[in-house]
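2 protein chains.
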Amino acid sequence: MNLLDEDKTIDIAELFKIFGDSTRVKIINVLLDKELCVCDIAKAINVSQSAVSHQLRILKAAKLVKFRKVGNCIFYALSDDHVKKIFKLGCEHINEL
Amino acid sequence: MNLLDEDKTIDIAELFKIFGDSTRVKIINVLLDKELCVCDIAKAINVSQSAVSHQLRILKAAKLVKFRKVGNCIFYALSDDHVKKIFKLGCEHINEL
DNA sequence: CTTCTATATGAATAAGTGTTCATATATGAA
DNA sequence: TTCATATATGAACACTTATTCATATAGAAG
Numbered sequence: 073m074n075l076l077d078e079d080k081t082i083d084i085a086e087l088f089k090i091f092g093d094s095t096r097v098k099i100i101n102v103l104l105d106k107e108l109c110v111c112d113i114a115k116a117i118n119v120s121q122s123a124v125s126h127q128l129r130i131l132k133a134a135k136l137v138k139f140r141k142v143g144n145c146i147f148y149a150l151s152d153d154h155v156k157k158i159f160k161l162g163c164e165h166i167n168e169l
Numbered sequence: 073m074n075l076l077d078e079d080k081t082i083d084i085a086e087l088f089k090i091f092g093d094s095t096r097v098k099i100i101n102v103l104l105d106k107e108l109c110v111c112d113i114a115k116a117i118n119v120s121q122s123a124v125s126h127q128l129r130i131l132k133a134a135k136l137v138k139f140r141k142v143g144n145c146i147f148y149a150l151s152d153d154h155v156k157k158i159f160k161l162g163c164e165h166i167n168e169l
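Chains as they are written, first to last, in my numbering: chain A, 73 to 169; chain B, 73 to 169.
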């Protein structure tokens, strides 16, 4: 049962690394069931607009979030259910400790 | 659907952060289906004994691995199926990209 | 065109992290 | 006890990363 060829080791680590920051975890958490624009995310998790924007850039680059533009605002949402699954499994693990 | 109270945000991030290093990913990968002692892990993933030991300490502190002593050797294994589940879900995500 | 709001981004700084190297500890064998 | 092997650990260093601050971009409203 060897799930990884050497090439993918880095990719896996990079994926989990993205879930490994509390600001990004907060962003993912508030996006679990709805899309939000940047400033609403910032308000919701009480982090500066700039910091949220920087982190969204990372989440976007990893294709963990998608976005759509509506006038002046940009709404972000989780890319797919896979992101939710990984996140929820992590939550379950924590809750069982 | 708000899975996190503020208190747990850090815990979740800390959990994923542990999966977010390629040396630790390699260690988890070789422990998926068997236990191994430290020097065998080091050989298997081609990383120094010291580096492996340092990373095992982190995995141990997070209760992601368990260990047993046999004479001179210390065999490490994944703590439980939860660790495997999270890891495999990450692998699936990567393989689907 | 000007102003206001929303978002992005670059630079700088501070904090965190992984590896290496040297060494300590501990167990087994002789 | 002495030697060899397995593992752990502390310090140092290089590297990465998240935030802040200032500023740029862009769209909407007046």
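Every residue, glycine too, gets a C-beta built ideally from N, C-alpha and C.
Predicted model, so just to flag it, every value in this text is computed and none were measured.
Environment of residue i [buried if 16+ CB atoms lie within 10 Å]
i              : result
residue 91(A)  : buried
residue 170(B) : In the structure as shown, chain B begins at 73 and stops at 169. Residue 170(B) is therefore absent and cannot be evaluated.
residue 85(B)  : buried
residue 143(A) : exposed
residue 169(A) : exposed
Test item: CB-CB of residue i and residue j under 7 Å
i              : j              : result
residue 114(A) : residue 124(A) : yes
residue 119(A) : residue 81(A)  : no
residue 159(B) : residue 100(B) : yes
residue 130(A) : residue 139(A) : no
Alpha-carbon spacing of residue i relative to residue j, whole angstroms
i              : j              : result
residue 106(B) : residue 149(B) : 7 Å
residue 108(A) : residue 127(B) : 38 Å
residue 73(A)  : residue 156(B) : Confidence is the limiting factor: at residue 73(A) the pLDDT is only 45, short of 50, which leaves the residue's position unreliable, though a coordinate-based value still follows. Going by the C-alpha atoms only, they are around 11 Å apart.
residue 102(B) : residue 111(A) : 43 Å
residue 151(A) : residue 133(A) : 11 Å
residue 121(A) : residue 167(A) : 30 Å
residue 93(A)  : residue 141(B) : 34 Å
residue 79(B)  : residue 104(B) : 31 Å
residue 161(B) : residue 89(B)  : 15 Å
residue 154(A) : residue 154(B) : 16 Å
residue 135(A) : residue 135(B) : 30 Å
Proximity to residue i [Cα-Cα], best of the options
i             : options                        : result
residue 77(B) : 130(A), 121(A), 163(A)         : 163(A)
residue 83(B) : 97(A), 83(A), 79(A), 132(A)    : 97(A)
residue 87(B) : 137(B), 104(B), 122(B), 121(B) : 137(B)
Original post:
Curious, which full-length beta strand (DSSP E) runs of at least 3 residues does the segment 133 to 168 of chain B contain?
Top reply: 137 to 142, 145 to 150
Subject >> Complete runs of the alpha helix (DSSP H) confined to the segment 85 to 114 of chain A [at least 4 residues] >> reply: 94 to 102
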